[in-house]
Each structure stands twice: as structure tokens, then as C-alpha cells.
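Peer 1: The following block contains the structure, expressed as C-alpha cells.
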Amino acid sequence: MSTRHGMGGRTGGSARSRSRTSAVRKAPARVTAMCGIVGYVGPRQAEQVVIGGLRRMEYRGYDSAGIAVVTDAGLVIAKKAGKLANLTAELADHPLPPSSQGIGHTRWATHGGPTDGNAHPHASASGRVAVVHNGIIENFAALRAELQAEGVTCISETDTEIAAHLIGRELDRGSALADTMRTVCLRLEGAFTLVAVDALTPDRIVAARRNSPLVVGVGDGEMFVASDVAAFIEYTREAVELGQDQVVEVTPDGYVVTTFSGEPADSRPYHIDWDLSAAEKGGYDWFMRKEIFEQPRAVADTLLGRLDSEGRLVLDEIRIDDAELRRVDKIVIVACGTAFYAGLVAKYAIEHWTRVPCEVEIASEFRYRDPIITPTTLVVTISQSGETADTLMAIRHAREQHAKVIAICNTNGATIPRESDAVIYTHAGPEIGVASTKGFTTQVVACYLLGLYLAQVKGTKYGDEIRELLEEMDELPEKMQRVLDRVDTYAALAQDFIDRKSVLFLGRHVGYPVALEGALKLKELSYLHAEGFPAGELKHGPIALVEPGLPVFAIVPPQGRDQLHDKVVSNIQEVRARGALTVVLAEEGDEEVVPYADVLIELPRVSTLFQPLVAVIPLQFFACELATLLGHDVDQPRNLAKSVTVE
Ligand code: G6P
Numbered sequence: 004m005s006t007r008h009g010m011g012g013r014t015g016g017s018a019r020s021r022s023r024t025s026a027v028r029k030a031p032a033r034v035t036a037m038c039g040i041v042g043y044v045g046p047r048q049a050e051q052v053v054i055g056g057l058r059r060m061e062y063r064g065y066d067s068a069g070i071a072v073v074t075d076a077g078l079v080i081a082k083k084a085g086k087l088a089n090l091t092a093e094l095a096d097h098p099l100p101p102s103s104q105g106i107g108h109t110r111w112a113t114h115g116g117p118t119d120g121n122a123h124p125h126a127s128a129s130g131r132v133a134v135v136h137n138g139i140i141e142n143f144a145a146l147r148a149e150l151q152a153e154g155v156t157c158i159s160e161t162d163t164e165i166a167a168h169l170i171g172r173e174l175d176r177g178s179a180l181a182d183t184m185r186t187v188c189l190r191l192e193g194a195f196t197l198v199a200v201d202a203l204t205p206d207r208i209v210a211a212r213r214n215s216p217l218v219v220g221v222g223d224g225e226m227f228v229a230s231d232v233a234a235f236i237e238y239t240r241e242a243v244e245l246g247q248d249q250v251v252e253v254t255p256d257g258y259v260v261t262t263f264s265g266e267p268a269d270s271r272p273y274h275i276d277w278d279l280s281a282a283e284k285g286g287y288d289w290f291m292r293k294e295i296f297e298q299p300r301a302v303a304d305t306l307l308g309r310l311d312s313e314g315r316l317v318l319d320e321i322r323i324d325d326a327e328l329r330r331v332d333k334i335v336i337v338a339c340g341t342a343f344y345a346g347l348v349a350k351y352a353i354e355h356w357t358r359v360p361c362e363v364e365i366a367s368e369f370r371y372r373d374p375i376i377t378p379t380t381l382v383v384t385i386s387q388s389g390e391t392a393d394t395l396m397a398i399r400h401a402r403e404q405h406a407k408v409i410a411i412c413n414t415n416g417a418t419i420p421r422e423s424d425a426v427i428y429t430h431a432g433p434e435i436g437v438a439s440t441k442g443f444t445t446q447v448v449a450c451y452l453l454g455l456y457l458a459q460v461k462g463t464k465y466g467d468e469i470r471e472l473l474e475e476m477d478e479l480p481e482k483m484q485r486v487l488d489r490v491d492t493y494a495a496l497a498q499d500f501i502d503r504k505s506v507l508f509l510g511r512h513v514g515y516p517v518a519l520e521g522a523l524k525l526k527e528l529s530y531l532h533a534e535g536f537p538a539g540e541l542k543h544g545p546i547a548l549v550e551p552g553l554p555v556f557a558i559v560p561p562q563g564r565d566q567l568h569d570k571v572v573s574n575i576q577e578v579r580a581r582g583a584l585t586v587v588l589a590e591e592g593d594e595e596v597v598p599y600a601d602v603l604i605e606l607p608r609v610s611t612l613f614q615p616l617v618a619v620i621p622l623q624f625f626a627c628e629l630a631t632l633l634g635h636d637v638d639q640p641r642n643l644a645k646s647v648t649v650e
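Note that our numbering has the sequence shown beginning at 4, numbered continuously upward.
If you want it as C-alpha cells, here you go:
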């Protein structure tokens, strides 16, 4: 059942007593969230804009949703555990009153279960203010104790509710909403985006951010705030990027940005270079499938405009001078998930082209092992969203050690590029499917551009060699398209493997991270046991898993690299001799693999280092197709979120 708050908690009473019981029974819990936030003020019906915005942010992952609108009779809040459809069904039964000011939220619970009561928005004790929140308020226990000592009763298990009470308390003391937000933010520790509406302050929304995304959408006589521009792209393509520790007050006609202490603050307006169609499925059943097919275009966009008039490579924002880059004697790539695998691919190219040692590290492990970082270490961070908390914390640690940080990112103005010394944007357009696809291929390409840029600056490659490699990269979109032209083969494979419980992926050199990524896609989408291994490691353990009928995908290097190629062919024979069903990805015309392939997937001819860009596509498509056949939600796989803004 939903919880609705009128002014003075008119309709909130019963929900309060129910939640109080559970709060007493359970140990203090706190909410950490990877949420979608949206706020609207303007002439349209707030409910329609807010729910539409939440729908466009569903991909971020969530397990409850809620909305608050300001009406003449006060605040009205509706919130439901589960998918947005639960909330919209509730709203269909009990429509919200008309309103021109509203906020909404999709919450991902990790502490304090995904219940109606824990869903956002949360109201202050008087019911005057409603708050939505993304992040963690780390000192919430002390703040809650302070509020409880004053007689405030907390009805949920969340930290967010504390912020609502603190804001409500300040407002009741006569402060204005924006002043209140600033005062409260100064008392909060941790990561948060907070958005608040006050029933007694019509026509405005106040929002604040620290370590968590927030962007303002500037319309004509209407304004938006959101975690992600997708929430308002339908209405405006003009956005404003907020900085760290800033508060914004929006009214239909404008916005004012200040620091937490109230000084005027700079914010960066920008134009969003994609439109509504990019955020819609465009006839595909899944965003993921659409994004798989978008890869040739996305990679072409990553490569676009990278040469200056003298044919030298230029990157988006490099605020590190050449002399400093020349001194770099170690590169460390930090990233999570698929971005980490893109980094693993990049290592081979970067070391080969620059002769600088390159480590690749899972971001969540990085700072805990006391990594050796010096001022001549270059840290490269890869993040599609630019908001992944583990990655953000890793680069902060690196910068504290005086390393320079270059971000490879797909999201303009996100926190990670903002906090880096240089940025290469992948320009892939929005990626909405939780499982990354065009994110991966464009990250690999951006890493390659970085590798070549460093080689240019350091002089480890001649200009003509760099141009030759760039020319070959320019041909990649067309080659990727040829792989996509054969998707029927991969779809048929999914049909054949529908009853399998386990799948292995093997590769060597850059084929190894492709194997890891193929396995990850299958785990994420099909919930199957899938593992990727370096093919050479097979005999040191994984071969014990091979039994008759086990599907084993093998990525075979191009034939030019004979030793590497032949070794993988031997590995394929090893598993096949033990009854495995081999699916072999090899370049066109590779006759040597034919006798050992139960299924042969032909790839266009490319150099070894570029092979991941064509080899990963069949694996992505296979996972998408198998999950579809199994009846899974491909765009929002269970337990996963697109943007993981908690550590
Ligand atoms: C989550 C997503 C993955 C993604 C990873 C890193 O786990 O589900 O698809 O690869 O985060 O995300 P990032 O935005 O930093 O690339």
C-alpha cells in the first residue's frame, strides 16, 4: 500500500505507527542507493513529467519508486515497493491532484528493505517538506539520535528521512528552503544528492549534491533537476552541470547555484548532443539489442574529429602538458565491470605502443592495497557513467598521491571526468541497457586513442605509423557492421543452447579479456554459470570442468600471429577431446580451425590488437538472445544496476 502525506501528516498517521514497530525490531539500518531522481517545476502536470522521467531512468536499477507533488492542500506523496508499474497502477486508482511542482525517485535498497515505507520521498515530521535522496548519509545515526532527543519519531529505516526531518526543523524555525538545504548539507557526512520541495514554498525546488550526480534541465518557462539528462531530454536539451558541494534553487524561470556556505558558485551550462530518439528503443525489443547494433556508429563517433590540421592526434580535454606526459613511467588503469575488461584489452596496446608498463586494477581493490603511485604515474580511469563510486574513490586516492588522472567516459560532465586532469569522451550516446555493450567497444577505442596519443607525445611511434593505425581503426565500424549482419547465426546458437547450465570462454592475449567479457554478459543476462579463462591456463585447473556437451567458446587470434594462433587451436583440441561443444570465433579464411569447430563464427580480418572490437559482438548478441529466450528482463537484469553510486 502506498503512503500519502497531506499537510500536518493528515494521511500519514497509520503508516507511521506501522513503520515504527519495524524500526524498533530491527537493528539500525541505513539506505544506500543507486537511484534515479527527478524534479520538475513549470506549467505541465508535474505527475506526468516526474513519472516519465522516472521511466527513462529505470535502467539505472531500482526496487521501489515514489513521487511527491505540491498542491494547494499541501504535499501528496505516493510510493510503492517494486517496479514503477506498481506505482503507476496505484496512481491510476488514486490519481494525484493537479500540480506544477513535483519530485520523484527510484530507490535501490541495500540496507533497509525495499518496502513502501522505506521508498522515497520522505516527509518531515510536520509533513511540510518532502525529500528524495541518492547516496549515503554516513553520520545519520548521530543525527537521528539528536532528532529523537527532540521528540521526532522516525518511521522508516532510512537515512533519508533524517534529512527530511532536519530540513523540516529548519523551515519551521523560519528559514527559507534554499538556506535550509545549505545549513543541513553542512551537517551531513557522506555522499548525497538531495532534492526537496516545501508545501509552503510553491514554484521552487531546491537540490544539493556531494559525490553523487545531479544535473539541471533548463526549459522555456520550466525547469528540471535529475540524476541523468535522460529524465528530461523529452523537454529540453539544455543542461547545467553542478559542481561538488553545490546547492541549486530552481523556479520555472531560472536557477541559482551557490556553495553549501551560500556564496555564488560557477556552474557549467551545456547542450546535450543527443535527442529523445537516442533514449528510446526505436523498434527494438530491448535497449541492449539496439545498443549492440549501434556499435559501428558509436565507434565511428569515438574516432571522429581526432586529427588536427597537421594530422596529429588530438583528444577532448587534456589538461596535462606534454612534458609531464613524457615523464610518465607507469600507467595504471582503474575501472569496474565491463570497463575493467576494456582496460585489460587496452593494456596490450598501450604497452606495445608506448613501452610504458601498464597495470589494470579493479577500482574497488585499488586503494586498499596501498598501490605504488608517484607523480610520474598516470592513472587512467574508464567509466561509462562517470559516476561509479568505486572508480571515483580510486581516482581520488590517486590524486591525493599526486598522480595525474585521465578519464575515459561517456557522460558529459559526470563526476569522474570533472575530477580528472584530462578527459576522453567516448561519444557513444546514452547507454541504457544495464549490461554494457557499446560502452565496452567505445572504451576500447578511446583507450587506443590514448595509447597512440601517448606514443605520439613520447615519440615511441612515428607519425606515419600512428596514422596507419588510425586508418585501420577507421575501417573498424564497417567490419563491426559485417559481424552484425550475421546475427541470425548467433541467435540460432542461443536457441541450441537454451538448456545449458554452464558455459566456458577461452582466449589468449587480447582474446582473454574478450572471453571474460563474454562470460560476464552471459552471467548478467542469462544467470548462467559462465567463466572466462586464459586459454593457456586451461590445463592448470579449468579443464576439470569440461564434460561432454559443455559449450566452450574460443576466440582464436588472427593467423598472422602464428604461435599465438596455433596455441589456441591446440587448446580447442584439448577441450574437444573431452567432449566439449566448441564454438570457435576465428577470422575468415582460417582453415586450420575448421576441423575442431562444432560451430564456426567467422570474423572479418583485423590486426590482433583490434580483434576484440569484432569478436565481442557475437558474444554480446548471444547473451542477449539467450536471455530473451529464457524470458529474462534483458535491460534490467536481476540484482544489477547501471550506475553503481555506492562503494
Ligand atoms: C555496473 C554495470 C556494468 C558496468 C559497471 C561499471 O556494474 O552494471 O555494466 O560495466 O557498473 O560502470 P561504469 O559506468 O563505471 O563504466
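Cβ atoms here follow ideal geometry from the backbone N, Cα and C, with glycine treated the same way.
1) Relative to the alpha-carbon of Thr444, which residue among Ala234, Gly592, Phe343 has its alpha-carbon at the smallest distance?
2) Please work out which residues of its chain come closer than 7 Å, Cβ to Cβ, to Val155, disregarding the five sequence neighbours upstream and downstream, and give them in chain order.
3) Cβ atoms of Phe296 and Leu531: under 7 Å apart, would you say?
4) My understanding is that Ile158 touches Phe195, with C-beta atoms under 8 Å, so please give their C-beta distance in whole angstroms.
5) In terms of DSSP beta bridges, what is Leu603 paired with?
6) DSSP beta-bridge partners for Ser505?
7) Taking only heavy atoms of the ligand G6P into account, decide whether any of them is closer than 6 Å to the Cβ of Ser386.
8) Apply the 10 Å Cβ neighbour rule to Gln104 and answer buried if 16 or more other Cβ atoms are within range, or exposed otherwise.
9) Give every residue of the same chain whose Cβ lies closer than 7 Å to the Cβ of Ala92, excluding the five residues on either side of it in the sequence, and list them in chain order.
10) Could you tell me if the beta carbon of Ala342 falls within a distance shorter than 6 Å of some heavy atom in the ligand G6P?
11) Which residues in the same chain as Ile275 place their Cβ atom closer than 7 Å to its Cβ, once the five residues preceding and following it in sequence are excluded?
12) Helix, strand or coil, according to DSSP, for Leu643 in the structure here?
13) Report all residues from its chain with a CB closer than 8 Å to the CB of Val53; omit the five preceding and five following residues, and keep chain order.
14) In whole angstroms, give me the CA-to-CA distance for Gly222 and Val578.
15) For the segment 251 to 270 against the segment 167 to 181, do three or more pairs of beta-carbon atoms, one drawn from each stretch, fall closer than 8 Å, so that the two count as touching?
16) What do you get for Ser5, buried or exposed, if any count of 16 or more other CB atoms within 10 angstroms of its CB means buried?
17) Ile334: which of Leu307, Thr380, Val426 sits nearest, CA to CA?
18) Going along the chain, which unbroken runs of the beta strand (DSSP E) with 3 or more residues stay wholly within the segment 33 to 63?
19) Whole angstroms are fine: how far does the CA of Leu316 sit from the CA of Leu310?
20) Nearest CA to the CA of Glu283: which residue from Asn413, Gly55, Gly544?
21) Can the beta-carbon of Lys645 be found less than 7 Å from the beta-carbon of Gly64?
22) Is Thr394 near the ligand G6P, with its Cβ less than 6 Å from a heavy atom?
23) Take the Cβ of Tyr371 as the centre, count every other Cβ of all protein chains shown within 10 Å, and call the residue buried at 16 or more, exposed below.
24) Determine the burial state of Gln1: buried for a count of at least 16 other Cβ atoms within 10 Å of its Cβ, exposed for fewer.
25) Pull up the distance between the alpha-carbon of Gly220 and that of Gly432, whole angstroms please.
26) Between the alpha carbons of Glu591 and Glu605, how many angstroms are there, rounded?
27) Confirm, please, whether the CB-CB distance from Phe500 to Pro554 is below 7 Å.
28) What do you reckon, is the C-beta of Thr444 under 6 Å from a heavy atom of the ligand G6P?
29) Kindly list the residues whose CB is nearer than 6 Å to the CB of Thr648, restricted to its own chain and excluding five residues on each side of it in sequence; keep chain order.
30) Does the distance between the C-beta of Leu643 and the nearest non-hydrogen atom of the ligand G6P fall short of 6 Å?
31) Quick one: does the C-beta of Ser439 sit closer than 6 Å to a heavy atom of the ligand G6P?
32) Take the Cβ of Leu452 as the centre, count every other Cβ of all protein chains shown within 10 Å, and call the residue buried at 16 or more, exposed below.
33) Between which two residues does the beta strand (DSSP E) containing Lys333 stretch?
34) Say the cut is 6 Å; is the CB of Val619 nearer than that to a heavy atom of the ligand G6P?
35) Would you say Thr391 touches the ligand G6P, meaning its beta carbon is less than 6 Å from a heavy atom?
36) Please state if the CB of Ile336 and the CB of Val363 are separated by a distance shorter than 7 Å.
Peer 2: On the basis of the data shown:
1) Cα-wise, what sits closest to Thr444 is Phe343.
2) Here the set comprises Ala128, His168.
3) In this structure, Leu531 keeps its C-beta atom at 7 Å or more from the C-beta atom of Phe296.
4) Not confirmed; about 20 Å, so no contact.
5) Val587.
6) The secondary-structure analysis by DSSP pairs Ser505 across a beta bridge with His532.
7) Relative to the ligand G6P, Ser386 has its C-beta within less than 6 Å of a heavy atom.
8) The residue is buried, with at least 16 neighbouring Cβ atoms inside 10 Å.
9) Within the same chain, Ala92 has no close Cβ partners at all.
10) The answer is yes for Ala342.
11) Only Val232, Ile236, Arg240, Ala242 meet the Cβ criterion.
12) Under the three-state reduction of DSSP output, Leu643 falls in the coil class, being neither helix nor strand.
13) The residues are Val41, Gly42, Tyr43, Ile70, Val72, Gly105, Ile106, Gly107.
14) If you take the alpha carbons of Gly222 and Val578, they lie about 60 Å apart.
15) Flag = yes, the segment 251 to 270 and the segment 167 to 181 touch.
16) Confidence at Ser5 is low in this model, with a pLDDT of 36, below 50, so its placement is unreliable and the value that follows should be read with caution. So Ser5 ends up on the buried side.
17) The residue with the shortest Cα to Cα distance from Ile334 is Thr380.
18) With a minimum length of 3 residues, the continuous beta strand (DSSP E) runs that stay inside the segment 33 to 63 are 39 to 44.
19) Roughly 5 Å separates the two Cα atoms.
20) Nearest C-alpha to Glu283: Gly55.
21) Cβ atoms of Lys645 and Gly64: closer than 7 Å.
22) The answer is yes for Thr394.
23) Label assigned to Tyr371: exposed.
24) Nothing in the structure corresponds to residue 1, since the chain is present only between 4 and 650.
25) In a straight line, the C-alpha of Gly220 is about 18 Å away from that of Gly432.
26) Using only the alpha carbons, I get a separation of about 5 Å.
27) In this structure, Phe500 lies closer than 7 Å to Pro554 by Cβ.
28) Because no heavy atom of the ligand G6P lies under 6 Å away, the Cβ of Thr444 does not count as near it: no.
29) Met37, Ser215, Glu390, Ala392, listed in sequence order.
30) Result yes, Cβ under 6 Å from the ligand G6P.
31) Ser439: yes, Cβ under 6 Å from the ligand G6P.
32) So Leu452 counts as buried.
33) Membership of Lys333 in the beta strand (DSSP E) is indicated by the continuous run 333 to 338.
34) No, the Cβ of Val619 stays beyond 6 Å of every heavy atom of the ligand G6P.
35) Yes - the ligand G6P has a heavy atom lying nearer than 6 Å to the Cβ of Thr391.
36) Against a cut-off of 7 Å, the Cβ pair of Ile336 and Val363 comes out as a contact.
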